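In my numbering, the protein residues as written are 8 to 398.
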Amino acid sequence: MHTQVGIVGAGPAGLVLSHLLSLQGIESVVLEASRRQYVEERVRAGVLEQGTVDLLVETGVGERLKRQGLLHHGIELSFLGRRHPIPLTELTGGKSITVYAQHELLKDLIKTRLEAGGRILFEAEGVSLHDLDSTTPAIHFRQGGELKRLSCDFIAGCDGSHGVCRPSIPEGARRVYERVYPFGWLGILAQAPPLSPEIIYTYHERGFALFSMRSPEITRLYLQCAPDEDTANWSDARIWEELDRRLTTSDGWTPAQGPILQKGVTGMHSVVIEPMQYGRLFLAGDAAHIVPPTGAKGLNLAVADVRVLAKALAGYYVSGRRHLLDEYSATCLRRVWKVQRFSWWMTSMLHRFDGDNAFDQRRQLAELDYVTSSRAAATALAENYVGLPME
Ligand code: RFL
Ligand code: PHB
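Here is the structure:
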């Protein structure tokens, strides 16, 4: 088997890349370790930047997103029992964000690719990369017990933070920048109407809490917890009690409760791999970097990477120019580090850190007070949250 671009991973990065390449007449094969159903049901991100939505709509995969996505013109920051609006649209000259579940977007992308004759091979096991520094790299894998070889012009490593592509770059040819946070998020989906129209980020002495939503019937909520928290220790009653304590504001607002449909714990860390390319391998999305979810940036950053990569590959195939490919990592990393900074800042401002003293807590509250009372500070948050412009 041969293809122009071999893509490892059918997450947002791999599928958006395959879609963008096909629009340029560039052929790709996507190799995905999991079953299609797993990919289409795994609950993860929810917030799409304006630029992500625009790209999906302009390229013909935004029809359901436009219909079912929830358009938001602001978010709220809550502390000391009061909620404070950050009017995103007003502060950014008209930009907004859309809440639409990542797995719903993946369903749309998979359907679009398959209908266009695209090849996505699910349950591709034992993927390994070969001859990355030659002009004929290859991917070996097993499918249905059979060993297969896909030779490619280029390989896109879109297989997330636990994939095989990142470690395929020889250790001496990559540098890893990392920060681990001493906490995680316990996330739930609840069958309950979201009683606030906006996403609410809450700083509380018992720890951070986040109120979000998926539809007029489904609320998505998160609690700061230990990084290795066992969900078995969290009965539904305990989760609601803790959410109530952290989210209830002095005007009496509290989230509606309902049956909990799903529970999961995510550790929080920041990672960047430099450079994001080696020979004919290009890393994109979580394979190249991880951000803590407090800025709602991971999926959006994955999409930003593959926009750059699709353009660079089109430059190569259409006009035979290599320079955009050569500059891929440097171009992406400028955005990556700004997004890392923003995600770290949101995380540091909103979470309780073990070992923090009363000074640190007063400083966090002063920061929240500043961000919610200074138009300049609120604008800085807003322009990052809706998404920095693409270069
Ligand atoms: P993904 O989504 O992890 O996809 C990688 C795919 O590769 C497959 N794979 C392999 N395939 C073949 N061979 C192998 N050896 C393979 N190893 C792995 C995997 O099965 C998978 O299908 O990476 P990608 O495409 O880079 O996308 C990144 C995003 O998924 C991630 O950054 C976001 O979910 C992060 N995130 C958020 N991002 C946002 O932009 N907005 C948000 O609101 C937001 N909220 C979140 C989040 C992530 C969260 N968790 C659970 C980590 C909220 C949470 C709780
Ligand atoms: C979500 O709705 O899942 C969500 C919202 C905001 C975040 C992270 C996740 O920062």
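We put the beta carbon where it would ideally sit given N, CA and C, even for glycine.
In this text the structure is predicted, and so the values were computed from the model without any measurement.
- A163 - partner residues in DSSP beta bridges: I14, F289
- Item | Pair within 8 Å by beta-carbon distance, K102 and V343 | no
- Query: Should T301 be counted as a contact of ligand 2 given a C-beta to heavy atom distance under 7 Å?
  - Reply: yes
- Just the C-alpha distance for V187 and R245, rounded to the nearest angstrom, thanks. 27 Å
- Task: Could you spell out where the alpha helix (DSSP H) holding H169 opens and where it closes?
- Result: Where H169 is concerned, there is no enclosing alpha helix (DSSP H), given that its DSSP letter is neither H nor E.
- From V106, S85, L139, I93, residue whose alpha carbon lies closest to that of T59: Nearest neighbour of T59 by Cα position, chosen from V106, S85, L139, I93, turns out to be V106.
- Item | Burial state of A373 (16 or more Cβ within 10 Å) | exposed
- Ends of the alpha helix (DSSP H) at M353? 335-357
- Do you know offhand how far G302's Cα is from D61's? 19 Å
- Answer with buried or exposed for D367, where buried requires no fewer than 16 other C-beta atoms within 10 angstroms of its C-beta. Exposed, by the Cβ-count rule.
- Item | Three or more C-beta pairs below 8 Å linking the segment 227-238 and the segment 82-95 | Contact between the segment 227-238 and the segment 82-95 is absent: fewer than 3 CB-CB pairs across the two stretches fall below 8 Å.
- Query: For A411 versus L254, is the C-beta distance shorter than 8 Å?
  - Reply: Residue numbering for the chain in the displayed model covers 8 to 398; residue 411 lies beyond these limits and cannot be assessed.
- Message: In this structure, how does DSSP classify R51 when only helix, strand and coil are distinguished?
- Response: coil
- Query: Under 7 Å from any heavy atom of ligand 2, does the C-beta of R90 make it?
  - Reply: no
- Message: Please state whether the Cβ-Cβ distance between P19 and L128 is less than 8 Å.
- Response: no
- Does the Cβ of A199 lie closer than 7 Å to at least one heavy atom of ligand 2? no
- Query: Any heavy atom of ligand 2 closer than 7 Å to the CB of R227?
  - Reply: In terms of side-chain proximity, the C-beta atom of R227 is found nearer than 7 Å to a non-hydrogen atom of ligand 2.
- Message: Taking the straight line between their C-alpha atoms, what separation do you get for A123 and G32?
- Response: 11 Å
- Using CA coordinates, which residue listed in H9, I297, P234 is at the minimum distance from H169? For H169, the nearest C-alpha among the options comes from I297.
- In or out: T338 buried (at least 16 other Cβ within 10 Å) or exposed? buried
- Query: Does the separation of the CB atoms of C165 and A40 fall below 8 Å?
  - Reply: no
- Exposure label - V325; buried when at least 16 CB within 10 Å: Burial check for V325: the Cβ neighbour count within 10 Å stays below 16, so the residue is exposed.
- Under the criterion of a Cβ to heavy atom distance below 7 Å, does E111 qualify as lining ligand 1? Flag unset: Cβ of E111 not near ligand 1.
- Item | Status (buried if at least 16 other CB within 10 Å, exposed otherwise) for T142 | It is exposed - the Cβ of T142 has fewer than 16 other Cβ atoms within 10 Å.
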